[in-house]
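Read the structure below first, then the notes.
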Amino acid sequence: METRPTTTDEIDLHALFFKLRNRWPWFVVSLLLAGLVGYVYLQLKEPVYAFRATMLLGNQSSGSKRAQELLQILEVQNKGVKMEDEIGLLKSVDVVQRAVARLPFTVSYFAAPDSWLNTGRDLQVRERPAGSVPFRVVPDMQAPQLAGVRFYVEPAGNGRFRVHAQAKKGQLYSLPTSELVREVLDISIDQTVAAGDTLRHPLLTAVITPEPGYPSGEANESYFFTLNTLSGLTAAYQSSLTVKPIDHDSRIVELSSKGSVPAKQTQFLDTLMAVFVEDDLREKNITGAKTVAFLDAEIANLSDSLRRSAAALSSFRSSRGVVDVGMQSGEGIRQLGELEAMHAKVATNRKYYANMLSYLRANQNASQMATPSSVGIEDPVVNNLILQLTDLNSQRAALGVNASVSNPLVTVLDERIRTAKQSLIQTLVNMTRATDIALTDLNNQLGRVRGSISAMPENERQLARLKGESDFNDKKYNFLVEKRSEAAIALATNATDKKVIDNTEMVGGGPSEPKPQLVALICLLAGLFLPVGLVVLIDKSNRRIQSKEDLSRITNIPLLGVVAHGSTADKLNMLKEVKGPIAESFRSIRVNLQYLSAGLDKKLIGVTSSVPGEGKTFCTVNLAAEMAQSGRKVLLLECDLRRPTVASYFNLDATPEHGLSSYLMGLSTLDDCRQSSGVPNLDVICCGPIPPNPTELLESTRMDNLLTELRQAYDYILLDTPPVGYVAEFFVLVRHLDANIYVVRQNYTDRGLVGQINELYDEKKVKQLYMVINDMHFTKTYEYRYKKNAYAYNQS
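The numbering of the sequence shown is the working numbering, which starts it at 2 and goes up by one.
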C-alpha cells in the first residue's frame, strides 16, 4: 500500500510570488496606508531629547587626605561601598523626589497647533517650557488642586484670561504632599479672571499673569496647562532616569534621561547630582558631630575630677611637707595608676555599649552612630556588625521609601536588616556583660593594691593615693582631649568624595525620538509584509483545492491533466474552439490517459466527483468529443439518473421518452435509447425519465448485459456517474469500469473530500483511478506564463 502524503506547511515560493504579483493593488493600498500611518505618527509623536551627565562616586572616604594620614582614626568610614548600592541610592525615590521638589515643575505648559489632526480633540500637542507660552500660572500650594486635567487659557481682552476645562473625571490633590483629597466627576470649568488676580474655583486656585516679553498677536495654536503632584513628577522622572558605570571597574557613572523639554531635563539631572552630593556630605557630618558630642560629654565629666584630684594633692603636700614617696610606695602607686586607667577605659567602653544599645532599641539609623574607633575603642566584632548593618540599610534605601512591602527583595532585605540588628544588639549585650566581669576583676585588683598601700606609713600612703588619682585623671583627660581634637579635625576637614565631572548636555544635538528614517523604513516593511502575510494567511486558511501542488500534498492519485477556465456558455468547447485552451486541456488529458493505459483494455471509463458543481459532466462530454474527433468510436452513457444534464450539451430533448432508465426498466430497446450527438463518431444515451429507484436499476442484470454489448460496439464508453460523496450508485458501477476519472474544481472542492477518495484509492477499492483539475484559472497561478506561451505556439 502506498504511503499517503501528509499536508505540510511548506510554502511554494514560485506560486506565492505569482499570487503576490496578481495582487499588486494590495501592495499599493498597503504602502499608502502605511505611509499615512507613519506620517500621522510623526506628527503626533512629541520629540524626545536625550541628555547625559557623568559624576564620580568616589570610595566613601571622609576628611582630607592629610587628616587621614595624620590621625588614622576613621578606618570604619573608609570602607568600600558597592557600586550597585550607590547607583541604587542615586535612583531612589527619596533622592529623586527631593531633587524634583526643588524645581518649578508643578505646572506643565502645552501648545496644540491648529491642524487637521486636532479637529475635535487636541491630539498633536507639544510641551513647552515656562516662558514660551503667553501666560504664567502660579498655583496656590495650600489649596487642593485638580491635577492631570487640561486647563485651556485664552485671552479674553482688556487684560483678562478665560480658563476652561472639560473632563469626565479627575482627582483633587494636595500638591505638596500628593495626598488625594477626593475624586471629582463631570468636570466643567469656564471662568474669566483679570491678569494678576487669583482665580478661585473649588477645583483650581491660581494666579495667571501675562508672560513678559512674549510677542502679542494672533496665534495659530491653542495653549493649556496641567498641574502635577510631587509623587507623579517623581515617578515620571525616576522612570526616565538611567544610571550605569562607564566601565566595569570604574566608579564614574553616567546619568541619562529622556524628555520632551530640554530645559527641564537639564535642570533635573544637575539638581539630582547636587542633592546626592549634599546628602553624602550631610551624612558624614552627622556621624562626625555625634562623635565630637560624645567626647565633649566625657571630657566635661572628667574635668571636675581632674581639678579636685590636683587640688587635693597640692594641699596635702603643702600641709604635710611631703613631696615624694619611697620606692615601694612608688611601685604601688604605679600599679594603682595602671589599674585605675584600665578600669576607666573598661568603664568608658561599657558606657559606649550602653549608649549604643539605647540607640538601636530606639530604632535609630546605625550609620549615624559614633563608631567605636572614633572614641578609642578597638573592637573589630562590633565594627564589622556596624558595617554589615550600614550596608544593608544602604541597599534598603536604594529601593526607595515608597517601595512596596510585597516586593520580594524588600521583604528579604528587611529580614536581613532585622537579623543583623538583633545580632548587633546581642553582641553589645554580651560585650556589656564581659565589661561588667572585667570591671569586677579590676575592682578586686584595685582592692589588693590599695590594701598594700594602706600598710605604708600614713603620710606616704596618703600621698601615694592622691598622686595616683591625679595621674590617672590627667592621663585620661589628655587621652580624651587628644581624641576629641582628632575628631574635630576630621569633622572640619570632612569633604564629599562624590564629584560632578560633566554637567548635563544633550546627546546628538537634536531629538533622539522619533527617527523619521527608521519610521519610514518600518512603514515600508510593514506596507510590503502586510499583503504578503494576508496572502499567506488566506492561502493557508483556504480549505479548497488551488493547484496541482495542493493535490500532490494530500493524495497519491495520478493527475491526468488540468482543464482551463472557460465561460459558462462554452459547454461543448471542443467543437467551438478546437485550438483554444480548453480544447488543448482535453487533448492533453486524452493523450495522458492513452499513455497511462497503454497495453490495457480501457474501454469503460467512469467520470465522477465528490459533490455536484465540480464539472464532471462537462469533463465527460468534452473528453468524449475529443476522443471521437481523434477517430475513435465513442459512446457517452449518462448514468447520473438523479440530476441528468448531458442532453443540454448537445441540444437534445431534456426529457426524452427513451433513455437508460427506460431501457433498464425494459420499456425501451438500445436503438430507441441511442442518439446521435452531432459529433462524428460520438453517440449518446441520455438518462431518460428520472426513475424512483436508480440504485436498483444500475445494479440490475440488464445493466450488466448492456455494458457487455456496448463493449463490442465501441472503442470507448464514457460513463457520467453520480458524485461519489452523495450517493452509492458510483460504487455499484465501479465493478464494471476499466478506469475512473475523479474531477476536482479549483477553489471549489474541499481538501477533506479529496481525502475520502484517497482512502478508497489506498485501500484498492477503486482501480485505475486518475484525477483531473477543472476550471483552472491560470492567470492566478505561476503556470500562467507557460500556458500562455504554449497557447500562442499552438495558434501559430
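By construction, the Cβ of each residue, glycine as well, lies at the ideal position given by its N, Cα and C atoms.
Could you tell me which residues DSSP pairs with Q389 in its beta bridges?
Q389 pairs with nothing; no bridge assigned.
C-alpha gap between E155 and H165, whole angstroms
Taking the straight line from one Cα to the other gives about 9 Å.
If distances are taken between C-alpha atoms only, which option among V208, D716, Y478, E760 comes closest to Q595?
If we check each option's Cα against that of Q595, D716 comes out closest.
What's the gap between the Cα of N394 and the Cα of Y360?
If you draw a straight line from the Cα of N394 to the Cα of Y360, it is about 16 Å long.
Counted within 10 angstroms of its Cβ, other Cβ atoms place A207 as buried (16 or more) or exposed
Burial of A207 is indicated by the presence of at least 16 other C-beta atoms within 10 angstroms of its C-beta.
Check whether the region 29 to 47 and the region 119 to 137 are in contact - that is, three or more C-beta pairs closer than 8 Å.
Contact holds: three or more Cβ-Cβ distances are below 8 Å.
Spatial neighbours of N504 within its chain, please: C-beta separation below 7 Å, excluding the five flanking residues on both sides.
Cβ within range, chain order: A54, D271.
Identify every run of the beta strand (DSSP E) within the region 111 to 184, keeping only runs that are complete inside it and at least 3 residues long; order them along the chain.
You should have 127 to 129, 136 to 140, 146 to 148, 152 to 158, 161 to 175.
First through last residue of the alpha helix (DSSP H) which encompasses P582:
Per DSSP, the continuous alpha helix (DSSP H) segment holding P582 begins and ends at 582 to 597.
Tell me, please, which residues DSSP counts as bridged to Q747.
Paired residue(s): none; Q747 is not in a bridge.
Could you tell me whether the region 619 to 633 touches the region 752 to 765, where touching means 3 or more Cβ pairs closer than 8 Å?
Cβ pair count under 8 Å is below three, so no.
Consult DSSP for E760 and reduce its assignment to one of helix, strand or coil.
DSSP places E760 within a helical segment (H, G or I) once states are collapsed to three.
Whose CA, out of G567, K604, V563, lies closest to the CA of F587?
Checking every option, the nearest Cα to that of F587 belongs to V563.
With distance defined between alpha-carbon atoms, name the residue in V608, R283, F269 nearest to V745.
For V745, the nearest C-alpha among the options comes from V608.
Anyone know if the C-beta pair for Q146 and L231 falls short of 8 Å?
No, Cβ-Cβ distance for Q146 and L231 is not below 8 Å.
By how many angstroms is the C-alpha of V182 removed from the C-alpha of A51?
One C-alpha to the other measures close to 36 Å.
Classify L668 as helix, strand or coil using the three-state DSSP reduction.
The three-state reading of DSSP puts L668 in coil, since its state is none of H, G, I, E or B.
Is the beta carbon of S241 closer than 8 Å to that of G260?
Contact check for G260 against S241 passes: the beta carbons are separated by less than 8 Å.
Report the CB separation of L638 from I686 in whole angstroms; it is logged as a contact under 8 Å.
Their Cβ separation, rounded to whole angstroms, is 5 Å, which keeps L638 and I686 in contact under 8 Å.
Taking the alpha-carbon positions, what's the N682 to A629 distance?
Approximately 5 Å between the Cα atoms of the pair.
If we ignore side chains and look at the alpha-carbon of each, how far apart do G689 and L531 end up?
Spanning the two alpha carbons is a distance of roughly 55 Å.
With respect to the beta strand (DSSP E) encompassing F619, which residues constitute its N-terminal and C-terminal limits?
For F619, there is no enclosing beta strand (DSSP E); the residue is part of the alpha helix (DSSP H) that begins and ends at 617 to 630.
As assigned by DSSP and simplified to three states, the class of S701
Here S701 sits in coil by DSSP.
Does V278 come out as helix, strand or coil in the three-state DSSP assignment?
Three-state DSSP puts V278 in a helix.
Let me confirm a value: I691 is counted as buried when at least 16 other C-beta atoms fall within 10 Å, else exposed. Which label applies?
With fewer than 16 other CB atoms across the displayed protein chains lying within 10 angstroms of its CB, I691 is exposed.
By DSSP, does K1 sit in helix, in strand, or in coil?
What the structure shows of the chain is the stretch from 2 to 797, and residue 1 is not part of that stretch, so it cannot be assessed.
Express the C-alpha separation of L561 and K549 in angstroms, rounding to a whole number.
Spanning the two alpha carbons is a distance of roughly 11 Å.
Beta-carbon gap between A112 and E222 smaller than 8 Å:
Taking 8 Å as the Cβ cut-off, A112 and E222 qualify as a contacting pair.
Determine the burial state of R434: buried for a count of at least 16 other Cβ atoms within 10 Å of its Cβ, exposed for fewer.
R434 is exposed by the Cβ-count criterion.
Taking the C-alpha atoms as reference points, what is the distance between S610 and N748?
Straight-line Cα distance between these residues: approximately 14 Å.
May I ask you to verify whether the region 290 to 300 touches the region 88 to 95, counting CB pairs closer than 8 Å and requiring at least 3?
These segments do not touch.
Presumed contact (8 Å Cβ cut-off) between I253 and I418, rounded CB distance:
No, I253 and I418 are not in contact; Cβ-Cβ is about 30 Å, not under 8 Å.
For E730 versus P693, is the C-beta distance shorter than 8 Å?
The criterion of a C-beta distance shorter than 8 Å is not satisfied by E730 and P693.
By DSSP, does F106 sit in helix, in strand, or in coil?
Note: F106 maps to coil in three-state DSSP.
Through-space distance from A342 to V450, alpha-carbon basis
If you take the alpha carbons of V450 and A342, they lie about 14 Å apart.
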